[in-house]
Every structure is written in C-alpha cells, then in structure tokens.
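Structure, as structure tokens:
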Amino acid sequence: KKTIHIAGISSPADAYSCEAPYESQDWEITDKTKTIGGYLCQKATCRFKGRDYTAWFTTELPFSFGPWKLHGLPGLILSVQDSKNDVSWEYAGFQKQPSDQSLRIEPSKSVIPAKKEEIQRLKTAFKENPSAYYETLGATGRANPFQIDYSKVQISFDVQGQAPSTQTNNPIELAP
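Converting from the sequence shown to the numbering used here requires adding 1216 to each position, the first position being numbered 1.
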C-alpha cells in the first residue's frame, strides 16, 4: 500500500506531494477507557518515528484512521499525544455532511507532485537561505500573493552574533 503525503516547505502556498509507504504502528491496546466528545474511547500505546504515543480511539466509529500518519486501531483515533506532550491532536467535533453530497478529500490542485528527495532538497534550501527560496518562488508565481519583490528583501537571522540554526527545533519524526 502507498499513501500520498503533502509537505509545505514554508507555508501551504508552496506545497508538494509525494508517494510514500503506508507505514503501520505496533499498537498495544489496554483496558483503560474514558469518554471523549460523548464517545467511549479505549487507550492504546505505540512507539513510532522515535516517539512514544498514547492514543484514545473509539469503536463506535469503526474507521481505522487517525491524525498525521497514525492509524491501524479498530476505531477512529480521537486523541493522541506523545510522552513529552510535544505532539498532540485532540478531537474537536464533527460537521454533518448533507446527505445529498458525497464527501471526497483530494489534495489542492496547486500541490505539485515531487519525489521525497526533491522535497527534502527544497526544505534544506529554505533553511539555508529563505530569502533566495522566496525569490525563486516569486519567479514561478507561487507563494507570492502580495507580489513582494524578494530581490529587495534581506532576511537576517543574526541575533546578537548567533548563527541561524540549520536544524528543526522539534521535528515530529525523531527517527526514520
């Protein structure tokens, strides 16, 4: 199985998509329960991408989905957080879809298909020189709704002589 992942480099305006393996999690389901949004939920835990997650899912909604890349439980995941509370998603509610309308979720037409390596190269380029990255986007007509002339913009990250960080502060994936 494969799935489509969408990655925004600096904003949703410069989004790219790539096919990636449909990664599974090795969930341990416990007997603990609690109610979330009126649904009886059950606790499950797993280690995924370097983080320890606790998820609460409900079999009242028998869909094996969850936020981000988390899935594979016998019900919809309504709440999940990592052990350090750095990453979390919470159920906020549902909106009823009119019965005469079908629901289809598709990526925006502005999302550009790319290879995973190309997306990583773009992320690196943005980190190393945001000004040049935006200038390039402006030349292609993407991600520049305000028609900013980035050739006249200088972005400085010099904070009291400190060099900019080339690492993401707290990436969601801590391990491959």
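Note that CB positions come from ideal geometry on N, CA and C, so glycine has one too.
*Is the number of C-beta pairs between the region 1290-1301 and the region 1310-1319 that are closer than 8 Å three or more?*
no
_Measuring straight from C-alpha to C-alpha, what distance separates residue 1223 and residue 1386?_
16 Å
*asked:* Quick check: the Cα distance between residue 1309 and residue 1327, rounded to an integer number of angstroms?
replied: 27 Å
*Is it the case that the Cβ atoms of residue 1341 and residue 1234 are separated by a distance below 8 Å?*
no
*Helix, strand or coil: which one does DSSP assign to residue 1306?*
strand
*Looking at the structure shown, is residue 1336 part of a helix, part of a strand, or coil, going by DSSP?*
helix
_Three-state secondary structure (DSSP) of residue 1283_ = coil
*Three CB pairs or more closer than 8 Å across the region 1267-1279 and the region 1287-1296*: yes
*Leaving out five residues on either side along the sequence, give the residues of the same chain with a beta carbon under 6 Å from the beta carbon of residue 1253.*
1307
*Residue range of the beta strand (DSSP E) that residue 1245 falls in?*
1244-1252
*When the Cα atoms are used, what is the spatial distance from residue 1347 to residue 1337?*
16 Å
*By how many angstroms is the C-alpha of residue 1392 removed from the C-alpha of residue 1232?*
20 Å
*Do the CB positions of residue 1280 and residue 1286 come within less than 8 Å of each other?*
no
_Alpha-carbon to alpha-carbon, residue 1239 and residue 1266_ = 14 Å
*Pick helix, strand or coil for residue 1315, following the three-state DSSP scheme.*
coil
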